[in-house]
Amino acid sequence: MESTVPKARLIFIKQWQGFEGYGFTLENKPKKDYHKVKEVKPNSPAAAAGILVNDLIIEVNGIDVEKMPYKQFVEKIKTNANDVTLFVIQESELYCVDCLGTKIKSSSYPYYKVNGRSGPDSTTEEVEKSVVLSDAERALIRADANTLSAIGKKREELLCTLLEAVPDDIWTYIYIYKCIYINLITD
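Using the numbering used here, the first residue of the sequence shown is number -4, and each one after it goes up by one.
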C-alpha cells in the first residue's frame, strides 16, 4: 500500500546576489511549538524554492527547532551566510501527522527534497509544462495563499470528522481521508 501520510519538504534555499534575506517572514508567535511562515515575497529565494505561507519549520540545517525561542531560531537560519536548509510541513498536514501519533523529523519521516535556484530565472513555467501534473497539482501550484489556507482548514475539518467516526480502524480512516481529499481538490 502506498504511504498515505502527508510528506514534509526538505528545502535548500540559496541566497541571491542583490536580494536581502531569503524572502519570507514568520508569525510573531510559534504555532504548535513551531515557527510558522506568515508571508513569502514573490520572486524571492524562498518562493523559488517552494516555501509556502502556513509552512511550519520543523528543522533548520538539520537541527530540531521545536519550542526554540524566536531569537535563537533566527540565529540558526543565519548560521550559514549563503544558504539554509529548512524541513517544513504545512500546518494542516502536521495536524494529520499528530493524529497518527507520528513524530516528525527529517531522519525518519518521508519528505520531498527541493533545491532552490541560485537566482531568479524564467524556468518555472518551462518546468511546469514539461512535468505531467494532475489538475489538482496544477491548481495547487497556481493557488494563492488564501486558497491554500482554506484547503488546509477543510482538510482539518475532514480529519476531525473522520477521527470521530473511525477511531479504531486507522487504515479505513486513511483511505477515506485520501478519497475525500482528492475529491475536495478536484471539485
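Even glycine gets a Cβ: it sits at the ideal position worked out from N, Cα and C.
Residues near residue i by beta carbon distance below 6 Å, same chain, minus five either side
| i | result |
| --- | --- |
| His30 | Leu21, Ile52 and Phe68 |
| Glu34 | Thr20 |
| Trp11 | Pro40 and Gly114 |
Distance CB(residue i)-CB(residue j) smaller than 8 Å
| i | j | result |
| --- | --- | --- |
| Asp59 | Phe7 | no |
| Val48 | Val32 | yes |
| Pro1 | Cys94 | no |
| Lys36 | Gly13 | no |
Cβ-Cβ separation, residue j to residue i (assumed contact under 8 Å), whole Å
| i | j | result |
| --- | --- | --- |
| Ser101 | Leu5 | 6 Å |
| Gly96 | Thr80 | With a Cβ gap of about 27 Å, Gly96 and Thr80 do not count as contacting. |
Contacting residues, own chain, Cβ-Cβ under 8 Å from residue i (five flanking each side not counted)
| i | result |
| --- | --- |
| Tyr106 | Lys2, Ala3, Arg4, Leu5 and Phe82 |
| Glu61 | Asp28, Tyr29 and Ile53 |
Per DSSP, the bridge partner or partners of residue i
| i | result |
| --- | --- |
| Tyr17 | According to DSSP, Tyr17 bridges with nothing at all. |
| Ile58 | Val55 |
| Asn110 | Phe7 |
| Lys78 | The sequence as given places Asp at residue 78; Lys does not occur at that position. Answer is Lys9. |
| Gln67 | Bridge partners of Gln67: none, in fact. |
> Do the segment 87 to 105 and the segment 67 to 78 touch if we need at least three Cβ pairs shorter than 8 Å?
Replying inline: no
> Using 8 Å as the threshold, is the segment 94 to 113 in touch with the segment 32 to 44, meaning 3 or more CB pairs across them?
Replying inline: Pairwise C-beta distances place the segment 94 to 113 in contact with the segment 32 to 44, as three or more of them are shorter than 8 Å.
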